[in-house]
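The next block holds one structure in the form of structure tokens; read it before the comments.
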Amino acid sequence: MKSILIFNTFQQISTNITSFEFFLISNFVIFGSFFGVVWMQKNLVVIFMCIELIIVALAFNFILISFFYAGAFGLIFGYILLITAGAESALALSILTSYFFIEQHINVEFVSRLKG
Amino acid sequence: MNSFLIFILLQLYSFLILFVPLLVVMAFITLLERKVMGIMQRRRGPNVIGFFGLLQPFADGVKLLLKEPVFPYQADILLFIFAPLLTFFVSLLSWVIIPLTTTEPVLDLNIGVIFILGSSSLGVYGILLAGWASNSKYAFFGSIRSAAQMISYEVAMSLAIFPVICLAQSFSLKDIILVQENSVWFLFSLFPSAICFYISILAETNRSPFDLPEAEGELVAGYNVEYSAFFFAFFYLAEYLNILLLSTVFVILFLGGGSFFILKSSVLIFALKIFFIVYTVIWVRATLPRYRYDQLMLVGWKILLPFTTGYALFVAGLLFGIFKITEVIF
Numbered sequence: 509m510k511s512i513l514i515f516n517t518f519q520q521i522s523t524n525i526t527s528f529e530f531f532l533i534s535n536f537v538i539f540g541s542f543f544g545v546v547w548m549q550k551n552l553v554v555i556f557m558c559i560e561l562i563i564v565a566l567a568f569n570f571i572l573i574s575f576f577y578a579g580a581f582g583l584i585f586g587y588i589l590l591i592t593a594g595a596e597s598a599l600a601l602s603i604l605t606s607y608f609f610i611e612q613h614i615n616v617e618f619v620s621r622l623k624g
Numbered sequence: 143m144n145s146f147l148i149f150i151l152l153q154l155y156s157f158l159i160l161f162v163p164l165l166v167v168m169a170f171i172t173l174l175e176r177k178v179m180g181i182m183q184r185r186r187g188p189n190v191i192g193f194f195g196l197l198q199p200f201a202d203g204v205k206l207l208l209k210e211p212v213f214p215y216q217a218d219i220l221l222f223i224f225a226p227l228l229t230f231f232v233s234l235l236s237w238v239i240i241p242l243t244t245t246e247p248v249l250d251l252n253i254g255v256i257f258i259l260g261s262s263s264l265g266v267y268g269i270l271l272a273g274w275a276s277n278s279k280y281a282f283f284g285s286i287r288s289a290a291q292m293i294s295y296e297v298a299m300s301l302a303i304f305p306v307i308c309l310a311q312s313f314s315l316k317d318i319i320l321v322q323e324n325s326v327w328f329l330f331s332l333f334p335s336a337i338c339f340y341i342s343i344l345a346e347t348n349r350s351p352f353d354l355p356e357a358e359g360e361l362v363a364g365y366n367v368e369y370s371a372f373f374f375a376f377f378y379l380a381e382y383l384n385i386l387l388l389s390t391v392f393v394i395l396f397l398g399g400g401s402f403f404i405l406k407s408s409v410l411i412f413a414l415k416i417f418f419i420v421y422t423v424i425w426v427r428a429t430l431p432r433y434r435y436d437q438l439m440l441v442g443w444k445i446l447l448p449f450t451t452g453y454a455l456f457v458a459g460l461l462f463g464i465f466k467i468t469e470v471i472f
């Protein structure tokens, strides 16, 4: 297995890149999905997808920070965040489905049933 | 130029030496399933082609490759072709970090557990795309069921792995194996977690008793109704590769990799353990009847999730309170 060159080259590349580039990626995803929530106000499904992306990018950010400070608390926090994101997406989609079942639309402009 | 050619050839060799044996093993697992289920149902199974039907999977593969790929009316052709490729790619992705020899994994990631969970959750997208792109009600219902099932059981699966991480104090698969070699298998110390993880394996790979997506009576064959020829072959390959992968992960996390009590750890023992887990998955299929859909969701959300959450908190609290472990080394 030592002779597998391509993965070793991948490892060399990944060690050569400083963590700054990865922070740039995760922050770009966070900003982009926040912009998506603001921009795509009409479509509820897109808003849910953007929120999901924000959570995933945050988990990625936590993992990066844990590498940066050489501790594992960030890793565990990211792990739990990913689990929570899975449960949260299921919850949101089930609310969406039952709302569509009652009202026959998911147009954000006319969603008023959930107002208190 | 010559050295560059040698470099390219070595890279090609390094890919082939990992993935070709994997695909051959996968082909024989399909044969194993048919033979074992045949024996359990008192019939012969495939026994015509080759010695004891050993060439049957290759004959099936050739048949699938020679058939004509059919595209349904008004299907989204691009996504229709992309979905099986994505599913197949995702099922191959995780194999890179599996430490098949106990000393040297191919890519030594120290966040191996997170990588496996992330890449296995990507598999949902291939299934959703397949159902949506094929412009058929049956495929769409099958894909929705399958996606809901996979999302639900992923949560329980992640939480079932959490005590293992706490005890091994590492996210690296290699370290988890080494900890179990030096002490005791996590199957004994974390038995409830192992059971929950096993149930999640069955649900995650859409196997019986949770094979709701391909309920033949209601939906014809789930998300891959409209697929034929080698696009179907990709789905077929991906399904069995996922079973093999999750069985391997089970062996690594709970059965201690290649270690067997006092014996020296070896690849052979590792392979035998994986074979045993795959055999039990087939055994479960031949034995248990199918769940109803609401029962499936009830087991996932109301039984497995609270139990695994409580158990993870219990183990973490035990380590923190009694053994005063506060730092995770990685």
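Which chain is which? The protein sequence lines are A and B, in order.
Under my numbering, the residue at position 53 of the first sequence is numbered 561, and the numbers go up by one with no gaps.
Under my numbering, the residue at position 80 of the second sequence is numbered 222, and the numbers go up by one with no gaps.
Think of the CB as a built atom: it goes at the ideal place given N, C-alpha and C, for glycine as much as any other residue.
Owing to the predicted nature of the structure, the values given are computational and were not obtained by experimental measurement.
Query                                                                                                                                                                              : Result
I think residue 267 of chain B touches residue 354 of chain B, with their Cβ atoms under 8 Å apart; what is that distance to the nearest whole Å?                                  : Going by Cβ atoms, the distance from residue 267 of chain B to residue 354 of chain B rounds to 19 Å, so no, they are not a contact pair.
Here's the rule: buried if 16 or more other CB atoms are within 10 angstroms of the residue's CB, otherwise exposed. What is residue 602 of chain A?                               : exposed
Mark residue 366 of chain B as exposed unless 16 or more other C-beta atoms lie within 10 angstroms of its C-beta, in which case mark it buried.                                   : buried
Counting only Cβ pairs nearer than 8 Å, list the residues of chain A close to residue 253 of chain B.                                                                              : 571 and 583
Assign residue 419 of chain B to buried or exposed, taking buried as 16 or more other Cβ atoms, counted over all protein chains shown, within 10 Å of its Cβ.                      : buried
Measuring alpha carbon to alpha carbon, tell me which of B:156, B:152 and B:169 ends up nearest residue 376 of chain B.                                                            : B:169
Have a look at residue 159 of chain B and residue 219 of chain B and give me their C-alpha separation to the nearest angstrom.                                                     : 33 Å
Between the alpha carbons of residue 238 of chain B and residue 309 of chain B, how many angstroms are there, rounded?                                                             : 24 Å
Does the beta-carbon of residue 387 of chain B have 16 or more other beta-carbons within 10 angstroms, so that it is buried, or is it exposed?                                     : buried
Considering just the uninterrupted stretch of the alpha helix (DSSP H) at residue 353 of chain B, what are its terminal residues?                                                  : Residue 353 of chain B -> no alpha helix (DSSP H), and no H or E assigned at all.
Report buried or exposed for residue 183 of chain B, applying the criterion of at least 16 other Cβ atoms within 10 angstroms of its Cβ.                                           : exposed
On a Cα-Cα basis, can you pick out the residue from A:540, A:594, A:553 and A:574 that is closest to residue 608 of chain A?                                                       : A:553
List the whole-angstrom C-beta distance separating residue 300 of chain B from residue 591 of chain A, where the pair is believed to meet the contact cut-off of C-beta under 8 Å. : 5 Å
Hey, residue 271 of chain B and residue 225 of chain B: beta-carbon distance below 8 Å or not?                                                                                     : yes
Just the C-alpha distance for residue 197 of chain B and residue 206 of chain B, rounded to the nearest angstrom, thanks.                                                          : 14 Å
Would you list, in chain order, the members of the stretch 290-301 of chain B that have their beta-carbon closer than 8 Å to a beta-carbon of chain A?                             : 290, 293, 294, 296, 297, 300 and 301
Any beta carbon of chain A sitting closer than 8 Å to that of residue 193 of chain B?                                                                                              : no
Would the stretch 332-352 of chain B count as touching the stretch 422-440 of chain B if we require 3 or more Cβ pairs under 8 Å?                                                  : yes
Hey, how far is the Cα of residue 462 of chain B from the Cα of residue 415 of chain B?                                                                                            : 33 Å
What does a CB cutoff of less than 7 Å around residue 402 of chain B pick up in its chain, not counting 5 residues either side in sequence?                                        : 411
Relative to the alpha-carbon of residue 166 of chain B, which residue among B:400, B:379, B:333 and B:424 has its alpha-carbon at the smallest distance?                           : B:379
Residues in its own chain within less than 7 Å of residue 568 of chain A by CB, not counting five upstream and five downstream?                                                    : 534
Does the CB of residue 341 of chain B have a neighbour CB from chain A at under 8 Å?                                                                                               : no
Would residue 317 of chain B pass as an interface residue toward chain A - the criterion being a Cβ-Cβ separation below 8 Å?                                                       : no
Rounded to whole angstroms, what's the CA-CA distance from residue 209 of chain B to residue 202 of chain B? Just pull it up for me.                                               : 11 Å
Considering only the alpha carbon of each residue, which of B:444, B:450, B:459 and B:398 lies closest to residue 317 of chain B?                                                  : B:398
Leaving out five residues on either side along the sequence, give the residues of the same chain with a beta carbon under 6 Å from the beta carbon of residue 332 of chain B.      : 305
Quickly, what does DSSP pair residue 405 of chain B with across the bridge? List them, please.                                                                                     : B:402
Taking 8 Å as the threshold (beta carbon to beta carbon), is residue 313 of chain B in contact with chain A?                                                                       : yes
If the cut is a Cβ gap below 7 Å, which residues of chain B does residue 555 of chain A touch?                                                                                     : The contacting residues do not exist; residue 555 of chain A stays about 18 Å from chain B at best.
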